[in-house]
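Remarks on the structure that follows.
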Amino acid sequence: MAHGWSRRKVLTGAGIGGAAALLAACGATPTQAPAVVLQPTGAATQEPVSSEATSAVAPGEKAKLLYWSYLTYTEDSEAPILKAFDEAKSDIDLSWEYVPWEQYWQKLGTTLAAGNPPDVWNTAPNLYFEYILRRQLTDITERVKADYNFDNWHPAALSGLDLQGRYYGVPRNMDLLACYFNKTLFDQAGVEPPPLDGNWTWDDYLEKAAAIVKFHNKGDRTLTWGGQSIQSWINLLIEMESNGGQWWKGEFRRDLVGMEFNITDPPCCETLKFDSDLINTHKVAPPAGEFTGQADPFLTGQLAITQSYSWSVGAYQEVPFEWNLTQVPKGKVKQTAFGGCDGLVMSQACEAKEGAWSLMRWLIDPETGAGFLIGEGVMPARRDKVVMDPYLAKYPDKNVQALADAADKAGNPFALGSGEWGQALSDEFDKVYLGNTPAEEGCASATRSGNAALDRIRKEFQEAIGG
Amino acid sequence: MSTAMPVARSAATARARRLRALRHNLSCYAYVAPLITNLVFLSTGPVLYSFFISFTNWQIVLPPVWVGLRNYTGQLASPEFWTVMWNTFYYTLGYVPLSMIVSLVMAIFVNQRLPLISLFRSLYFLPVVSSGIAVALVWGWIYQPTFGVLNWFLDAAFSIQGPRWLSDMRWAMPALIVFGVWRSMGSNMIIFLAGLQGVPNELYEAARIDGADRLGEIRFVTLPLLTPSIFFVLILSVIGSFQVWEATYLLTQGGPAKATLTISYFIYQQAFLWFHMGIGAALAYILFFIIAIVTLVQFRLQRRWVYYR
Numbered sequence: 275m276a277h278g279w280s281r282r283k284v285l286t287g288a289g290i291g292g293a294a295a296l297l298a299a300c301g302a303t304p305t306q307a308p309a310v311v312l313q314p315t316g317a318a319t320q321e322p323v324s325s326e327a328t329s330a331v332a333p334g335e336k337a338k339l340l341y342w343s344y345l346t347y348t349e350d351s352e353a354p355i356l357k358a359f360d361e362a363k364s365d366i367d368l369s370w371e372y373v374p375w376e377q378y379w380q381k382l383g384t385t386l387a388a389g390n391p392p393d394v395w396n397t398a399p400n401l402y403f404e405y406i407l408r409r410q411l412t413d414i415t416e417r418v419k420a421d422y423n424f425d426n427w428h429p430a431a432l433s434g435l436d437l438q439g440r441y442y443g444v445p446r447n448m449d450l451l452a453c454y455f456n457k458t459l460f461d462q463a464g465v466e467p468p469p470l471d472g473n474w475t476w477d478d479y480l481e482k483a484a485a486i487v488k489f490h491n492k493g494d495r496t497l498t499w500g501g502q503s504i505q506s507w508i509n510l511l512i513e514m515e516s517n518g519g520q521w522w523k524g525e526f527r528r529d530l531v532g533m534e535f536n537i538t539d540p541p542c543c544e545t546l547k548f549d550s551d552l553i554n555t556h557k558v559a560p561p562a563g564e565f566t567g568q569a570d571p572f573l574t575g576q577l578a579i580t581q582s583y584s585w586s587v588g589a590y591q592e593v594p595f596e597w598n599l600t601q602v603p604k605g606k607v608k609q610t611a612f613g614g615c616d617g618l619v620m621s622q623a624c625e626a627k628e629g630a631w632s633l634m635r636w637l638i639d640p641e642t643g644a645g646f647l648i649g650e651g652v653m654p655a656r657r658d659k660v661v662m663d664p665y666l667a668k669y670p671d672k673n674v675q676a677l678a679d680a681a682d683k684a685g686n687p688f689a690l691g692s693g694e695w696g697q698a699l700s701d702e703f704d705k706v707y708l709g710n711t712p713a714e715e716g717c718a719s720a721t722r723s724g725n726a727a728l729d730r731i732r733k734e735f736q737e738a739i740g741g
Numbered sequence: 013m014s015t016a017m018p019v020a021r022s023a024a025t026a027r028a029r030r031l032r033a034l035r036h037n038l039s040c041y042a043y044v045a046p047l048i049t050n051l052v053f054l055s056t057g058p059v060l061y062s063f064f065i066s067f068t069n070w071q072i073v074l075p076p077v078w079v080g081l082r083n084y085t086g087q088l089a090s091p092e093f094w095t096v097m098w099n100t101f102y103y104t105l106g107y108v109p110l111s112m113i114v115s116l117v118m119a120i121f122v123n124q125r126l127p128l129i130s131l132f133r134s135l136y137f138l139p140v141v142s143s144g145i146a147v148a149l150v151w152g153w154i155y156q157p158t159f160g161v162l163n164w165f166l167d168a169a170f171s172i173q174g175p176r177w178l179s180d181m182r183w184a185m186p187a188l189i190v191f192g193v194w195r196s197m198g199s200n201m202i203i204f205l206a207g208l209q210g211v212p213n214e215l216y217e218a219a220r221i222d223g224a225d226r227l228g229e230i231r232f233v234t235l236p237l238l239t240p241s242i243f244f245v246l247i248l249s250v251i252g253s254f255q256v257w258e259a260t261y262l263l264t265q266g267g268p269a270k271a272t273l274t275i276s277y278f279i280y281q282q283a284f285l286w287f288h289m290g291i292g293a294a295l296a297y298i299l300f301f302i303i304a305i306v307t308l309v310q311f312r313l314q315r316r317w318v319y320y321r
C-alpha cells in the first residue's frame, strides 16, 4: 500500500466529493417563472413575462422547438402536419416525440424538474391546472384573444382551460361523455332505443336498461347488462350538478381558493344513491370488476348502453352490430355531462415563444391542422362550420350531432390537486357502489375526506410557491 | 569509509517501491472507479438526496421548501397512514408464513432423485422470471368474478359462489397475498433446496436407525439443519413483503376503497401522482426504519432457534 493513499481515505474522499457534487447539482434552483398570484376574489394575475418580448435565439439561428404528444395513435395523421410546419418555417427546427400516456406525465415531470421540457405539448384536462399553478406554462391569453374568435370554440372547451379569465392553452379536441347504445339489442328486445335528440331522463334510462337486461336461465349470472353506472368521480360530480346538486361551497375555483366540498347536499346524495342502485338494487348495471381482463363489454354485446367518451365514435366503427349515440340523460335541473378538452400548451421555459405560438396555431387552424382534427375522428374543440361540418360528415350514419350539442353544456371538475382529492372522494364513493355503505353516509365521509385533502393540498401548494 | 552511497541507494529503492505501489493502487482504483461512480451518483447520492428531500415540501417542478420534521409527524398523525400500515402488515402476516410453508414443502418434494425433476424445478421457478405485466394479466383473468377459472372451480367442485375477489374489500388482499406467494415461491424454493442438499445423509441414516419415520426425519433432522436457510428466507420475505408494489400496482391500484393500499403504492401516489415528493421520501424512510427494526428484532431472536453447524 502506498503511503498516504489508504483505501479508506480514497473511498471516503470519493464518496464525500461525489455526494457534494451531486447535492450541488441537484440543489440548483431551476429558473423561476413569474408567480401566479392566488387571490380570494377576482382573477389570478401573472407578473409580466419579460421573456415574452425577447427571444433567446440569436439572429440568423434557427429556433429549436420540441413538441410532445401522448396521442400515439394519431402519429400517422399528425406527423405530416408537423413535417409541413418544419418545412414551411425556415427559421424553426422542429422535432417531435410521441410518448405513451402511461409514461407521459412522469417523463414530463422529469423534464420540467430538469429544466428542459418540451416547448409545446399536448395536455389533458386532468393535469392542466397543476402545471399552470406551478408556473410551468406560459400565459397566452393576449395571443389567443388577438388571433381567435372565442365564439368559434365550444364553451366547454374554453371553460376547461380558463383559470380565472386567463388562458394557458388552446383547445384542440374534446373529450365528451355520451351514451352509446346497442340498437340491435334494443330491436331484438322490442324496446324503444334512447332518443337521438337526447330528450330523456335518468328514469327513462333505468326503464330501458331494466327492459333489456337478460339473465342466465339459472338466474345466477347476467348475460346482457342493460346499462352502466357512472362510478367515476369525474362524471359523478357533473351528474350531481345536473340534478341540482352543489357539491362545493363558495365559488368553484380551479385554484381551490375558498372552496369546500358539500357533497352532503341532498341532490348529490340522491344522485349517488340512484347510480349505486343501478348496480345493487335494480341490478341492471354491472358491478366494478365484472369485466376485468375482458374486452369492452359494449363491443362484445354484453352491455346495451355504455357511457363512454367522444373518441369511442372512431373506436366503435368496426363493431358487428348496429349502434348509435345520444346525450347523457337529463338530470332534474339540467342536462350536462363531463366535457374536457385536450389542448396545446407552451412551456414557460420555451426560448422561442413566437415560434411555439406559430406551431400551436398551425396545429389547431383548419387550414393546416385539418388532417389531425378530421383525419382521426376526434371531436374538434372548434365549432365553426369549417371544422364541424367535415367532422359530422365523417360519420353520416351516427348521431355525432349529440356530441356537438353536449359540448355546449358540458362541465369539468378538474382543479388543483384533483388527482389527490378525487382519489379521496372515490375511495368513499366506492364503498357505496360496493354496497357496504349507504349513500348518505358515503357522501358525508366523502365530504370529510375531500375537505381534509383540500386543506392539505392548499397548505402544501401555498408553501411551495412561496405564498 | 562513506555510508552515504548505501543510504542513497536505499532511499532510491524505497522511493521506487513507493512509486510501484502507487501505480499499482491507482490502477486498482481505476478498475473500481466505474462501480464507485455508479454507487455514488446512482445509489448513495440519490439516497442521501432523498433523505434531504424528506425534510422538504418539494413539488417536483418547484424548488424544495424546508419544512423540518413535518412530513414525518404529519404522516404519523394521519389516519390514512395507519390504514396503509395496517394493510401492509396484513399482507406481511399473510404472505410470509404462507410463502415459506409452500416453498419449503415444494423444496422437499423436488429434493428427490426422480426423472425429470430438473424440469419440475424449472417450472416452479418460472413465475419468478416471468414478466410482471403478463402474470398480472393472467391472474386478473383467474380472479375474474364471472368467467374466471377460480370461481368456476369453486362452483364446480364445491358449489360455492366465489366472491368478486379483486373488487371485494374483504377478499382483495387475500387475493394479492396468493398472487405474491405464487410469484415468489420459486425463489424461496431454490434457497430451501440448497439448504436441503447441504444436510448430510449420515444424519438421516442415523435417524432411521433410531426409528424415525419420514415425518420424524423432517422434524428432527431436516428442519433443525435448515434453520439458517429458513432464517434467511424469513428475512428476505419480510423485507420483500413490506415493499410489495407490483401486485398492488398491476391488479388493484390500492383499491377497492383503499383495501389493498400498501405503503409502497402510497409512496408512489404521493411522490409521482400528487406532487408530494417530500412526503413520499419521508414515507420511504419511515418504511426503512420499520424494516430495520423488524430485521433487528429477527436477528436478535434468531439465536434462540437458528442452529449453525
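The listed protein sequences correspond, in order, to chains A and B.
Just so we're aligned, residue 275 is where the first sequence starts under my numbering, counting upward by one.
Just so we're aligned, residue 13 is where the second sequence starts under my numbering, counting upward by one.
By construction, the Cβ of each residue, glycine as well, lies at the ideal position given by its N, Cα and C atoms.
In this structure, Val706 (chain A) lies away from Leu450 (chain A), with their beta-carbon atoms at least 8 Å apart. One alpha carbon belongs to Ser364 (chain A), the other to Cys624 (chain A), and they sit about 18 Å apart.
Residue environment for Cys40 (chain B): exposed (fewer than 16 other C-beta atoms within 10 angstroms of its C-beta). Interface with chain A (8 Å Cβ-Cβ cutoff): Ala269 (chain B) is included. Contact annotation, Val602 (chain A) with Val674 (chain A): C-beta distance approximately 15 Å; criterion of less than 8 Å not satisfied. Contact between the stretch 482 to 495 of chain A and the stretch 508 to 520 of chain A is absent, with fewer than three C-beta pairs closer than 8 Å. Under the three-state reduction of DSSP, Ile203 (chain B) is assigned to helix.
Assignment of beta-bridge partners to Val77 (chain B) by DSSP yields B:Asn69. Closer than 8 Å at the C-beta level to chain B, one finds these residues of the stretch 388 to 410 of chain A: Glu404, Tyr405, Arg408, Arg409 and Gln410.
Interface flag for Asn456 (chain A) against chain B is unset, since no Cβ pair is found closer than 8 Å. Sorting A:Glu515, A:Pro712 and A:Leu637 by C-alpha distance to the C-alpha of Trp342 (chain A) places A:Leu637 at the top. Taken atom to atom, the span from the alpha-carbon of Tyr155 (chain B) to that of Asn163 (chain B) is near 7 Å.
Rounded to the nearest angstrom, the Cβ distance from Asn99 (chain B) to Met185 (chain B) is 7 Å, consistent with a contact under 8 Å.
With distances taken between CA atoms, Phe63 (chain B) lies nearest to B:Met289 out of B:Met289, B:Arg312 and B:Ile302.
About 4 Å separates the CB atoms of Trp695 (chain A) and Ala727 (chain A); that is less than 8 Å, so the two are in contact.
In this structure, DSSP gives Trp636 (chain A) a helical state, which the three-state scheme calls helix. In the three-state reduction of the DSSP assignment, Ser343 (chain A) falls in the strand class, which pools E and B.
Neighbours of Arg417 (chain A) in chain B, taken as residues at a C-beta separation under 8 Å, are lacking, since the least C-beta distance is about 23 Å.
In this structure, the beta-carbon distance from Phe67 (chain B) to Asn83 (chain B) falls below 8 Å. A check of alpha carbon separations from Trp317 (chain B) across B:Ile221, B:Pro236 and B:Ile303 identifies B:Pro236 as the nearest. Between the C-alpha atoms of Arg312 (chain B) and Cys615 (chain A) there is a straight-line separation of about 59 Å. Here the stretch 238 to 249 of chain B makes contact with the stretch 198 to 210 of chain B; the two share three or more CB pairs at distances below 8 Å. The alpha carbon of Pro391 (chain A) has as its nearest neighbour, out of A:Ala398, A:Pro399 and A:Tyr378, the alpha carbon of A:Tyr378.
By the criterion of a C-beta distance shorter than 8 Å, Met662 (chain A) is surrounded in its chain by Pro654, Arg656 and Ala678, once the five residues flanking it on both sides are discounted.
At a cut-off of 8 Å between beta-carbon atoms, Ala569 (chain A) makes no contact with chain B. Considering only A:Ala387, A:Asn396, A:Gln380 and A:Thr346, the residue with the shortest C-alpha distance to Leu340 (chain A) is A:Asn396.
Among the CB atoms of chain A, one or more fall inside 8 Å of the CB of Val77 (chain B). In the three-state reduction of the DSSP assignment, Leu470 (chain A) falls in the coil class, being assigned neither a helical nor a strand state. Flagged as an interface residue toward chain B: Asn710 (chain A), by a C-beta distance shorter than 8 Å. Across the stretch 166 to 198 of chain B, CB contacts with chain A closer than 8 Å involve Gln173, Arg176, Trp177, Leu178, Ser179, Asp180 and Met181, in sequence order along the chain.
In its chain, beyond the 5 residues on either side, Leu437, Arg528, Asp529, Phe688, Ala689, Leu690 and Ser692 have a beta carbon closer than 8 Å to the beta carbon of Phe403 (chain A).
For Ala337 (chain A), the three-state secondary structure derived from DSSP is strand. A Cβ of chain B is located within less than 8 Å of the beta carbon of Leu386 (chain A). In the DSSP assignment, Pro445 (chain A) is bridged to A:Gly617. Boundaries of the beta strand (DSSP E) around Glu371 (chain A): Ile366 to Tyr372. The beta carbon of Gly693 (chain A) sits closer than 8 Å to some beta carbon of chain B.
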